[in-house]
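Encoded as structure tokens, the structure appears first; notes follow it.
In my numbering, the protein residues as written are 1098 to 1276.
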């Protein structure tokens, strides 16, 4: 088993949300799990029911996330890369379309508490939205994106390089954690 090395503070990563019609940010793939402004605590949605994901019957003894489960808030160490191959991951979406017709929004999140580090990203018990990004060519949902950013108390960027340099994960920290 790999040695567990505690770190002080949080890790940052990129993730997608789904923007609801009322300006709330939702989990894009796990049903209507709503993110709140400020701190969010993950719950295990280990069971899939007829009407979507349900809470696990028995919580994990150490809380979320747990090895051997898929629970926790997810984020990526680096921006999703577009690949035309069939083996593309579900989160590999063109960042320039963030806030577009598909309703998905890219942003930066801080993860802390119990955090499991993987090769492409991490899962955390606690998450906090830090910044959102609307693609430079997206115009149809810009107003809704602005409303969401204001509701969550975070900046909205139109320049990908700016959000990466100001809020993106620290490459040195990522390299240390994934070494």
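All C-beta atoms, glycine included, are put in the ideal place defined by N, C-alpha and C. This structure is a prediction, so every number in the text was calculated from the model and none was measured.
- Item | Beta carbon of residue 1168 nearer than 8 Å to that of residue 1207 | Here residue 1168 is taken as the residue at index 71 of the chain shown, counted from 1. Here residue 1207 is taken as the residue at index 110 of the chain shown, counted from 1. Contact check for residue 1168 against residue 1207 fails: the beta carbons are separated by 8 Å or more.
- Any contact of the stretch 1232-1249 with the stretch 1210-1217, i.e. 3+ C-beta pairs under 8 Å? Flag = no, the stretch 1232-1249 and the stretch 1210-1217 do not touch.
- Item | With 16 other Cβ atoms within 10 Å as the buried cut-off, status of residue 1251 | Position 154 of the chain shown, counting from 1, holds the residue named residue 1251. Residue 1251 comes out buried.
- Span of the alpha helix (DSSP H) around residue 1274: Numbered from 1 along the chain shown, position 177 holds the residue referred to as residue 1274. Unbroken alpha helix (DSSP H) run through residue 1274: 1268-1275.
- Query: CB-CB under 7 Å to residue 1255, same chain, minus the five flanking residues each way: which ones, in chain order?
  - Reply: Counting from 1 along the chain shown, the entry for residue 1255 is found at position 158. Same-chain partners within the cutoff: 1231 and 1233.
- Message: I need the boundaries of the beta strand (DSSP E) containing residue 1260, first residue and last residue.
- Response: Locating residue 1260 in the chain shown gives position 163, where the first residue counts as 1. Run containing residue 1260: none in the beta strand (DSSP E); it sits in the alpha helix (DSSP H), 1257-1264.
- Can you tell which of 1121, 1159 and 1118 has the C-alpha that lies nearest to the C-alpha of residue 1210? Within the chain shown, numbered from 1, the residue matching residue 1210 stands at position 113. Checked all of 1121, 1159 and 1118; the closest Cα to residue 1210 is 1159.
- Message: Below 8 Å on the Cβ atoms is my contact criterion, and I expect residue 1271 with residue 1174 to pass it. Report the Cβ-Cβ distance as a whole number of Å.
- Response: For the purposes of this step, residue 1271 is identified with residue 174 of the chain shown, where counting begins at 1. For the purposes of this step, residue 1174 is identified with residue 77 of the chain shown, where counting begins at 1. The Cβ separation is near 5 Å, so the contact holds.
- Task: Can you have a look at residue 1195 and say buried or exposed, based on whether 16 or more other CB atoms are within 10 angstroms of its CB?
- Result: As a first step, residue 1195 must be located in the chain shown, where it is residue number 98. Looking at its Cβ environment, which holds 16 or more other Cβ atoms inside 10 Å, residue 1195 is buried.
- Query: Under the three-state reduction of DSSP, which class applies to residue 1231: helix, strand or coil?
  - Reply: Here residue 1231 refers to the residue found at position 134 of the chain shown. Shown here, residue 1231 sits in coil according to DSSP, grouped into three states, outside any helix or strand.
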